[in-house]
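Report on one structure; see the data block that follows.
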Amino acid sequence: MTARQEQDHAAQLEALLDGRFPDARGRFGPWGGRYVPETLVPALDRLQAGVAEHLHSPEFQACLGAELRDWVGRPTALTPAPRLSEAWGAEVWLKREDLAHTGAHKINNALGQAMLAKMLGAKRVVAETGAGQHGVASAAACARIGLPCLVYMGEIDCERQVLNVERMRRLGAEVVPVTSGDRTLRAAIDEALRDWVSDPEGTYYLLGSVVGPHPYPYLVREMHAVIGREARSQVIERAGGLPDLVVACVGGGSNAIGLFHGFLGDPSVEILGIEAGGRGAGLGENAATISFGRPGVLHGTYSLLLSDDDGQIYETDSVSAGLDYPGVGPEHAFLHTIGRVRYEYAGDVDALNALDECCELEGILPALETAHAFAGAKRWARDNPGKRILLGLSGRGDKDMPTLAKFPKGGAR
Amino acid sequence: MKPHEQVSAAIRAAGAEGRTALVAFITAGYPDKSRFRATLAEVAEAADVVEVGVPFSDPMADGLTIQRASRGAIEQGVTLSWILDEIAAMEPKPAAPVVLMSYLNPLLAMGYERLAERALAAGVAGFIVPDLPLDESEPLDEALAAAGLALIHLVSPVTPPVRVEAAARATRGFLYAVNVTGITGGAKAAGEGLQAYLAGVAAKSPVPVCAGFGVRSAEQVKALGAIVPGVIVGSALVEALERGESPAAFLAALRPAG
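For the protein sequence lines, the chains are A and B, in the order given.
For what it's worth, our numbering labels the leading residue of the first sequence as 1, then goes sequentially.
For what it's worth, our numbering labels the leading residue of the second sequence as 414, then goes sequentially.
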């Protein structure tokens, strides 16, 4: 990299840290924006105005803070992982979003957006879900707030996350299996967007990751930034200083962006995002968007995505339904472009092995999504002995039991 | 005459003959890839403008019919590049101006300059891009305008008046008025609200306005045609093609009697 490029990247990072990105057009540098049918533009304008008016108002923040404390259970714990530390030759700390209500980081965003939807006068909420965690969080948050909730979920995901489907229904949500497209998260987003296009005034679309048209990538990041704020102060207090590495799994990237934001301004902290490497490096064999993707537009935003030479979106493949998405949030594309965050991938087998190791050594069953972060962190630790690692444990793995049952412990993989 | 002017002229010519212009949508290469040129030629004989859908894996604004058509075409290997080659190779050329309807990503993948060059060479008159609102359209618009091609903007019943005016100023070829707040092929377009909305759009637009989404019958064509110079028929025509019906006969039946 030339000195000029380095200067440019530093200036771009400064702009992000100063709050100048996303800009007025919803862009992080070249990434982001709003690529949606005209019908949705007024709804996005209203949402943007609502976000500007309420999100950082003292009243909203006070209500949200109280709910995060009393209902979600924040702050979540920072757990030292002594046996993993010994096995890896590093000092490992876990930020425990699996201990948040409903079992994953998703609840921070679902609760905040449901509160916002109510303030903006929405009559109903639609959401999409992949692994089901965002669907469960949305269903729970809507029940808490008192709004009807409809969740679109790909038919394949409904089958592999059957427990979460039942949870959503018990929490009062209507779950609609999506039989079109690839019948996973991507098709569920398509369907939720079509629903919203059909009733943009009465419906609030509770988007589950830092993807989609502006202002969603910004809004969802702000809802999850609490993870990084808590983690930074906890690790300084408990470990006596900043970590050398902050690491998290990246599908759409909401848990990762929330954690990363606490540390972007700390130049001594290396930041690593781990994508789903699936079965291999070929297109269609993984969901590692930043590692193998190209610039393009999907679901309303300009970012990196897995598409072919003709612009068709590729089917993805990952053992983890929650990472099985062919795009990534535009802010991650930006952080990759300016080199502030490094993105690697871990394959299915590595993730499954990492999950077993965490279970055996720490008594924690992480989500399959998070298992990718464990695999990536372990690899990093080999090259960086004795360093301090802070890992975002994005959710618990109970929901993955039907998938895990297909991969016997230590078995044929 | 520039390609985008040919589109406006075709719609105005129908009006001069006392007809409502018919803009007919087909998905390229669906249901039968091998019959694409023949179908396009036949539709172009019966319609005033033809809208050829470029299949995309994630058609955000489309209902089940066009989703099914897009998937079917992709499975047969239909790509933007193939469509441009096929149209370029047609002899004689289609009898009506042809515009392509594509989501943005296939256009981005080709690159805007190359897209404009190839579209012009193929005889395509312009583009409709449903996931490209006015605010994001400048880069594509510049490339297409330099080649004299249309970029047809859309407005919907929830578009504020100030945006309708901006879209009407920016659009070339025609202004696409979406009849319903929803996806293609969905709720039947009707009602006094629709008439008022379309009349408002038509009053603001210096180019012809064509109304689309949910148009399935001659009665609708007649009612809409009383307010705007053109109507767009999509899902209903695709379904007729799926049933193996003659597109010419289907479109003729949409023309109001008398």
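Think of the CB as a built atom: it goes at the ideal place given N, C-alpha and C, for glycine as much as any other residue.
It should be emphasised that the depicted structure is a prediction, and the values quoted were computed from it without experimental measurement.
Let me check understanding here. Comparing Cα to Cα, which of A:285, A:250, A:121 and A:299 lies closest to residue 545 of chain B?
A:299
Closer than 8 Å, Cβ to Cβ, to anything on chain A: give me those residues from the region 540-560 of chain B, in chain order.
543, 544, 545, 546, 547, 548 and 549
Taking all protein chains shown into account, decide if residue 406 of chain A is buried (16 or more other Cβ within 10 angstroms of its Cβ) or exposed.
exposed
Do residue 621 of chain B and residue 642 of chain B count as a contact pair if the criterion is CB distance below 7 Å?
yes
If contacts are defined as beta-carbon pairs under 8 Å, then residue 244 of chain A and residue 269 of chain A qualify, I think. What distance do you get, rounded to the angstrom?
7 Å
Coarse secondary structure for residue 514 of chain B, derived from DSSP in three states
strand
What is the DSSP secondary structure of residue 106 of chain A, reduced to helix, strand or coil?
helix
According to DSSP, is residue 414 of chain B part of a helix, a strand, or is it coil?
coil
Taking just the CA atoms, how far does residue 365 of chain A sit from residue 400 of chain A?
10 Å
So the candidates are A:185, A:280 and A:388; which of them puts its Cα closest to the Cα of residue 324 of chain A?
A:185
Just tell me which of B:465, B:447, B:488 and B:461 has its CA closest to the CA of residue 430 of chain B.
B:461
Under the three-state DSSP convention, the category residue 545 of chain B falls into
coil
List the residues of chain A that residue 573 of chain B touches, going by C-beta distances under 8 Å, in chain order.
42
Can you grab the Cα-Cα spacing for the pair residue 144 of chain A / residue 112 of chain A, in whole Å?
11 Å
Boundaries of the alpha helix (DSSP H) in which residue 168 of chain A is found, first to last residue:
162-170
Could you round the C-beta distance between residue 491 of chain B and residue 513 of chain B to whole angstroms and report it? I think they count as a contact, below 8 Å.
Actually they are not in contact, since the Cβ atoms of residue 491 of chain B and residue 513 of chain B sit about 12 Å apart, beyond 8 Å.
Which residues in the same chain as residue 69 of chain A place their Cβ atom closer than 6 Å to its Cβ, once the five residues preceding and following it in sequence are excluded?
none
Since residue 594 of chain B meets chain A, which of its residues come closer than 9 Å, beta carbon to beta carbon?
39, 197, 198, 199, 200 and 201
Can you list, in chain order, the residues of its chain with a C-beta nearer than 6 Å to that of residue 254 of chain A? Leave out the 5 residues immediately preceding and following it.
209, 210, 220 and 224
When A:304, A:199, A:217 and A:353 are compared against residue 122 of chain A, the one with the closest alpha-carbon:
A:199
Own chain, CB closer than 6 Å to residue 543 of chain B, minus 5 neighbours either side, in chain order:
474
Cut-off 6 Å between Cβ atoms - residues of its own chain near residue 367 of chain B, not counting five sequence neighbours on either side
As displayed, chain B neither begins before 414 nor continues past 671, which places residue 367 of chain B out of reach and without an answer.
Which residues share a DSSP beta bridge with residue 362 of chain A?
Residue 362 of chain A pairs with nothing; no bridge assigned.
Residue 176 of chain A to residue 194 of chain A, Cα distance in whole Å?
13 Å
First through last residue of the alpha helix (DSSP H) which encompasses residue 497 of chain A
Past the edges of chain A, shown from 1 to 413, lies residue 497 of chain A, and the structure says nothing about it.
Let me know if residue 58 of chain A comes out buried or exposed under the rule of 16 or more other beta-carbons within 10 Å of its beta-carbon.
exposed
Could you give the first and the last residue of the continuous beta strand (DSSP E) run that contains residue 588 of chain B?
588-591
Within chain A, the residues that residue 519 of chain B reaches when beta carbons sit closer than 8 Å:
310, 311 and 312
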